[in-house]
Amino acid sequence: MLRTSPRSYGGDGQRSHGTTTQAIIEDVSAIARLDAAEPGACDPVDLADLVTGELADRHPSTKQIEVDLQQGNVVMGDWLRLCRLLTNLVNNAERHADSVITITVRRAPGGQGDPRFAAGAAILEVLDDGPGIPLDECERVFQRFARLRDAQEKDPGGTGLGLAIARQIAEMSGGTLTIEDSPRGARFVLRLPVARLDPHERRVRSGPMSASASGMPPTSG
Ligand SMILES: Nc1ncnc2c1ncn2[C@@H]1O[C@H](COP(=O)(O)OP(=O)(O)OP(=O)(O)O)[C@@H](O)[C@H]1O
Ligand SMILES: [Mg+2]
């Protein structure tokens, strides 16, 4: 596992009151585009590269971010949309973590029941060491504008759309986004079907394409 000092990778994950209106507009327009089922790009994306790119782009943080990234977990998707999903999860983790966030990329073998993952699942987890989410709220937090009291106290500027957008992107990418058991804090698990790649024909993306091609500006959530 690679550890980073708290200021190596960043992102304050907070929205000031002044940016609330802009944040709402950005999030609502992102949802409108997703609701319109605008097809995103369909490129091979290595989830480890996605995490590395996201962390390199973030502002300095007071939280320590640890990563354990298995290379070669390639999915078919839209780099910018998947970036947005990840940004939303990491922003939340930064808001709620006590001190440490752990991001993991790994593979689960296929043939475990869910036909979406018959060929295997590429898994991206974002875990924090904060207070976590009560079991009976684990679905509600994915609803649009749902915010638990704790979050409202920590940052009144949030829109409550970040997780709704993240789940919608996960599902449009053929996968799932869930909250799963963890000894401490919140553990968000993204599962996407692994790409069936012909190595001679397809090149894996290691960076974003143009925002216009994706229809999804890479903003925080
Ligand atoms: N890592 C986490 N730990 C504890 N609670 C969380 C975590 N992530 C999300 N939540 C809860 O889920 C709610 C919904 O999250 P969501 O990202 O949709 O909205 P938000 O973070 O409040 O606002 P925004 O994303 O617009 O800044 C949060 O308000 C918070 O109550
Ligand atoms: Mg959020």
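Residue numbers for the sequence shown follow this note's numbering, beginning at 7 and rising by one. C-beta atoms are modelled at their ideal positions from N, C-alpha and C, and glycine is treated no differently.
Between which two residues does the alpha helix (DSSP H) holding residue i run?
{"i": "R173", "result": "G168 to M178"}
{"i": "R39", "result": "T26 to D41"}
{"i": "L91", "result": "W85 to H102"}
Considering just the uninterrupted stretch of the beta strand (DSSP E) at residue i, what are its terminal residues?
{"i": "L232", "result": "Coverage of the chain is limited to positions 7 through 227, which leaves residue 232 absent and any answer about it impossible."}
{"i": "R146", "result": "It is not in any beta strand (DSSP E) - R146 carries neither H nor E in the DSSP assignment."}
{"i": "R153", "result": "It is not in any beta strand (DSSP E) - R153 carries neither H nor E in the DSSP assignment."}
{"i": "T165", "result": "Careful: T165 lies outside any beta strand (DSSP E) and carries neither H nor E."}
{"i": "V111", "result": "V106 to A114"}
{"i": "R202", "result": "Premise fails: R202 is in no beta strand (DSSP E) and is neither H nor E."}
{"i": "I139", "result": "Segment: none, I139 is in no beta strand (DSSP E) and carries neither H nor E."}
Within the same chain, show all residues whose beta-carbon is closer than 8 Å to that of residue i, passing over the 5 residues directly before and after it, in chain order.
{"i": "S188", "result": "L133 and G138"}
{"i": "M178", "result": "L40, A43, G46 and R87"}
{"i": "V57", "result": "V73, L75, L92, I109, V111 and L130"}
{"i": "K160", "result": "R101 and H102"}
Could you pull out every residue in the same chain whose Cβ sits closer than 7 Å to the Cβ of residue i, ignoring the five residues on either side in sequence?
{"i": "E143", "result": "L154"}
{"i": "S105", "result": "K69, Q70 and D135"}
{"i": "P199", "result": "V81, R122, F123, A125, A127, G180 and G181"}
{"i": "R202", "result": "A125"}
{"i": "Q149", "result": "A170"}
Select from the options the residue whose C-alpha is nearest the C-alpha of residue i.
{"i": "V73", "options": "L91, V96, I185 and A127", "result": "V96"}
{"i": "A114", "options": "M178, A172, G78 and A43", "result": "G78"}
{"i": "T27", "options": "A192, P162 and A170", "result": "P162"}
{"i": "A192", "options": "L56, D55, V147 and A43", "result": "V147"}
{"i": "D55", "options": "D41, V34 and L88", "result": "L88"}
{"i": "A157", "options": "A42, A103, G59 and P50", "result": "A103"}
{"i": "L141", "options": "R190, E177, K160 and E159", "result": "R190"}
Do residue i and residue j have their CB atoms nearer than 7 Å?
{"i": "G119", "j": "G126", "result": "no"}
{"i": "A47", "j": "D84", "result": "yes"}
{"i": "F151", "j": "G164", "result": "no"}
{"i": "Q174", "j": "L40", "result": "yes"}
{"i": "A36", "j": "I171", "result": "yes"}
Give me, in chain order, the residues of the same chain whose beta-carbon lies closer than 6 Å to that of residue i; leave out the 5 immediate sequence neighbours on both sides.
{"i": "V195", "result": "E131, T184 and E186"}
{"i": "Q76", "result": "V111 and R112"}
{"i": "D63", "result": "none"}
{"i": "L129", "result": "As written in the sequence, residue 129 is Ile, which differs from the Leu given in the question. Within the same chain, I129 has close Cβ partners R112, A114 and R197."}
{"i": "T108", "result": "E72 and L133"}
{"i": "D33", "result": "T165 and L167"}
{"i": "N98", "result": "none"}
Less than 6 Å between the CB of residue i and some heavy atom of ligand 4, yes or no?
{"i": "G138", "result": "Judged by which ligands are present, ligand 4 is missing from the structure shown, whose ligands are ligand 1 and ligand 2."}
Suppose only complete runs of 4+ residues qualify. What are the alpha helix (DSSP H) ranges in the segment 37–76, listed by chain order? The alpha helix (DSSP H) runs lying completely inside the segment 37–76 and spanning 4 residues or more are 53–63, given in chain order.
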